[in-house]
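Working notes, structure below.
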Amino acid sequence: MEKDSRPSWDNPTQFVLACVSFAVGLGNVWRFPYLCQMHGGGGFLIPYLIMLVVEGVPLFYMELAIGQKMRQGSIGAWSAISPYLGGVGIASVVTSVYLCIYYNVIIGWAFWYLFHSFQTVLPWAECPVNDNLTGRLEECELGTPTQYFWYRETLNITSSIEEYGGIHSGQALCLMLAWLVIYLCIITGVQSTGKVVYFTATFPYVVLTIYLIRGITLNGAVNGLAYMFTPKLEELVNPMAWINAATQIFYSLGLGFGSLVAFASYNRHHNNFEQQTIIVSLINSGTSIFASIVTFSVYGFKATFNYETCLERVRMLLVNSLDVAEDSITTDNMTHWLAELNSTHPDQCSALASKLESCSLQSELDTAAEGTGLAFIVFSEAIKNMPLSQLWSVLYFFMLLTLGVGSMLGNITGITTPLHDTKLLSRYLSKATINGLVCVLGLILGLGFTTRSGNYWFGIFNDYSCTFSLLLIVLIEIISVCYIYGLKRFEKDIEDMIGHRPNWYWKIMWVAISPIIIIGLFVFYVSNYIMGGTYTYHAWDKDLGRSVPKEYPMSAQVVIILLLLSSVCCMPLTALYTYCKKEPKEGVVSCPLTSEEIS
């Protein structure tokens with residue numbers, strides 16, 4: 006494909022929206038609030054913003070510059086810098102494949118919850134009746150209706166990863182629908198994607214704004230907001246707070262997947278990507294903070310509702326024990342009435358006092374959840390208690406749907422762009438056909454996650470398929486640009502594109518600060534997540550009505566090791582293959598050696 010015939014974004018705004026749609030994803034809504042909660046609310050913003058400046062923005066800038074300069078996808082771009090670096094692009098594609106096949110499952114779940122939101126009573130609002138129609142299912146009663154709907158209705162989950170359980174037909178259909186939507190969005194490549202991002206990049210903000218207005222008017226919202234913005238400054242000396250801040254920035258901006266390189270490759274040569282880097286980075290981080298405010302207002306409502314419900318149960322038990330008028334005992338004077346009960350029935354008083362102590366607003370607020378647990382259990386539980394719960398459920402899960410689709414467009418572009426750049430494929434297959442084949446392959450590989458044990462494998466891919474490889478990919482990227490391609494040469498390329506060279510800030514980050522941070526993250530990940538002990542997961546126990554920790558079997562541990570190594574092995578293997586293909590110099594034996602040459 007000639008560079009002159011390469012399609013381009015219609016305008017710079019379209020490119021910015023594509024980057025925003027890709028970068029602003031589910032992690033902004035369900036991981037950032039969790040990290041704020043875990044690391045002291047507003048205090049977490051300090052390490053987060055510092056890591057944005059010293060890690061996120063410089064690397065984002067670098068990938069956009071490489072893509073715009075080389076006008077190719079990740080494989081072609083890094084091969085153009087050095088033939089030995091083609092494996093960096095291949096590793097990015099493999100990592101994006103892993104991400105796509107499990108990330109689109111989340112969109113399938115969002116479809117599932119969206120469809121179930123149109124019922125008169127939300128199906129996760131109450132426990133279903135048992136087979137004898139004499140009461141509620143005991144498994145659901147042991148836990149909560151939202152947990153039961155997630156684990157037993159949505160996933161129909163098995164009790165361990167070793168139990169296959171067959172395909173959940175409803176989830177398989179939702180996954181097919183998710184891949185169909187993605188295909189329709191990318192069918193003609195950047196031309197169709199550029200139109201879709203106008204919606205996927207803006208609609209989530211409409212829903213978040215509506216939820217903000219509704220959230221801050223809910224009873225108890227102020228409790229959640231106070232919890233978020235009350236900083237625990239002691240967390241600033243906690244290394245985990247800094248490590249999690251760096252990792253969140255890394256993932257949130259989508260570094261290392263090849264998507265940013267692919268997006269930028271469709272820019273015109275003199276596009277001002279430096280300005281766009283700042284804009285997208287600020288929008289992305291601002292969205293995380295905005296989404297956290299929305300989440301904590303709803304989270305405060307949920308915690309307050311549960312706390313007041315607990316107090317009400319104790320109050321009614323006290324009314325029945327004392328046999329007094331119901332309105333004579335309030336939540337404010339229960340201590341007085343407990344003392345009254347203690348004088349006549351000390352045993353009952355002790356039991357009720359214990360129940361009252363278990364009612365704690367702080368404990369409710371301290372209950373942390375991230376990822377699918379926050380979106381499909383905690384938030385669902387809050388929604389069911391809102392007036393017009395069906396409306397808020399539809400808005401919320403449609404927002405998750407658009408956030409997921411927006412990120413998937415970037416992830417899938419990181420795969421399809423290098424394929425479109427391959428002359429052999431583009432010569433015989435149309436762009437729509439190549440994109441369709443990628444989506445069909447993604448659907449086939451993703452069906453494994455729709456089995457009854459699929460959520461356990463989803464957890465493996467979510468935890469181990471990307472982080473290790475992305476850290477190594479980005480580290481090699483930045484070293485290659487600064488020390489193989491050459492920083493001076495890179496500066497000239499940037500000057501040619503935007504009219505001036507990068508200032509001292511960018512160069513200091515690229516040469517020293519960012520690589521040091523990435524090396525630190527890499528060492529931490531290897532020592533804590535790979536070498537740190539046994540691999541465990543949480544399995545649903547239907548007898549207890551909750552999840553319990555279990556150790557992964559050997560087969561799952563083998564898959565984990567393969568995920569960790571499969572993408573990173575592309576880099577040394579491609580470099581070795583390139584070296585072996587070189588024409589041998591005089592007096593130098595070519596590689597590989599034959600048996601005759603060895604003898």
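At position 481 of the sequence shown the residue is numbered 486 (our numbering), and the sequence of numbers has no breaks.
Here a beta-carbon is modelled for each residue, glycine too, at the ideal position from N, C-alpha and C.
{"Asked": "Those residues which DSSP pairs with E556 across a bridge", "Found": "T541"}
{"Asked": "C-alpha gap between W515 and L64, whole angstroms", "Found": "8 Å"}
{"Asked": "In DSSP terms, what I172 is bridged to", "Found": "T456"}
{"Asked": "Exposed unless 16 or more other CB atoms sit within 10 angstroms - verdict on T599", "Found": "The predicted model places T599 with a pLDDT of 44, which falls under 50 and marks its position as unreliable, so this point remains unresolved."}
{"Asked": "Backbone secondary structure at V99 - three-state DSSP", "Found": "helix"}
{"Asked": "In chain order, each alpha helix (DSSP H) run of at least 4 residues that lies wholly inside the segment 406-488", "Found": "428-433, 436-451, 459-469 and 472-484"}
{"Asked": "Residues that DSSP places opposite R141 in a beta bridge", "Found": "V134"}
{"Asked": "According to DSSP, residues forming a beta bridge with R551", "Found": "D546"}
{"Asked": "Through-space distance from G259 to G92, alpha-carbon basis", "Found": "19 Å"}
{"Asked": "Under the three-state DSSP convention, the category C596 falls into", "Found": "Residue placement at C596 is poorly supported in this model, since its pLDDT is 47, which falls under 50; the coordinates are not used for a value here."}
{"Asked": "Proximal residues to S604 (C-beta, below 6 Å), its chain only, five neighbours per side dropped", "Found": "Confidence at S604 is low in this model, with a pLDDT of 37, below 50, so the placement of that residue is unreliable and no value is reported for it."}
{"Asked": "Per-residue DSSP class, three states only, for N33", "Found": "helix"}
{"Asked": "Proximity below 8 Å, CB of P38 to CB of A250", "Found": "no"}
{"Asked": "Minimum C-alpha distance to H13 - residue among T193, K497 and A115", "Found": "In the sequence on display, residue 13 carries Ser and not His. Selected option, being the one with the closest Cα: T193."}
{"Asked": "Q73: first and last residue of the uninterrupted alpha helix (DSSP H) it sits in", "Found": "V62 to M75"}
{"Asked": "Burial state of V211, where buried means 16 or more other Cβ atoms lie within 10 Å", "Found": "exposed"}
{"Asked": "Terminal residues of the alpha helix (DSSP H) in which G81 lies", "Found": "S79 to I86"}
{"Asked": "Proximity of Y169 and T456 at Cβ, strictly below 8 Å", "Found": "yes"}
{"Asked": "Whole-angstrom C-beta distance between V62 and T282, which should lie under 8 Å", "Found": "6 Å"}
{"Asked": "Identity of the residue in S532, V399, L424 and D371 nearest M43 by Cα", "Found": "D371"}
{"Asked": "Proximity below 8 Å, CB of R398 to CB of V266", "Found": "Just to set this straight, residue 398 is Ser in the shown sequence, not Arg. For S398 and V266, no; Cβs fall outside 8 Å."}
{"Asked": "Beta-carbon separation (whole angstroms), A96 vs C575, contact threshold 8 Å", "Found": "4 Å"}
{"Asked": "Cα-Cα separation between V227 and P88, rounded to whole angstroms", "Found": "57 Å"}
{"Asked": "First through last residue of the alpha helix (DSSP H) which encompasses S368", "Found": "L366 to D371"}
{"Asked": "Burial state of V242 (16 or more Cβ within 10 Å)", "Found": "exposed"}
{"Asked": "Residues of its chain near L450, where Cβ-Cβ distance is below 7 Å and the 5 sequence neighbours each way are ignored", "Found": "I106"}
{"Asked": "Where the alpha helix (DSSP H) through D501 begins and ends", "Found": "L492 to I503"}
{"Asked": "Under the three-state DSSP convention, the category E386 falls into", "Found": "helix"}
{"Asked": "8 Å Cβ cutoff met for M56 and I254", "Found": "yes"}
{"Asked": "Delimiting residues of the alpha helix (DSSP H) encompassing P577", "Found": "C575 to K586"}
{"Asked": "Cα-Cα separation, L430 to S394", "Found": "49 Å"}
{"Asked": "Contacting residues, own chain, Cβ-Cβ under 8 Å from K8 (five flanking each side not counted)", "Found": "Caution applies to K8, whose pLDDT of 44 falls short of 50 and renders its modelled position unreliable; the model cannot decide the point."}
{"Asked": "Distance between G171 and D548 (C-alpha atoms, nearest Å)", "Found": "21 Å"}
{"Asked": "Reduced DSSP secondary structure (H/G/I, E/B, other) of I523", "Found": "helix"}
{"Asked": "Distance, L142 Cα to K555 Cα", "Found": "25 Å"}
{"Asked": "Proximity below 8 Å, CB of T422 to CB of I191", "Found": "no"}
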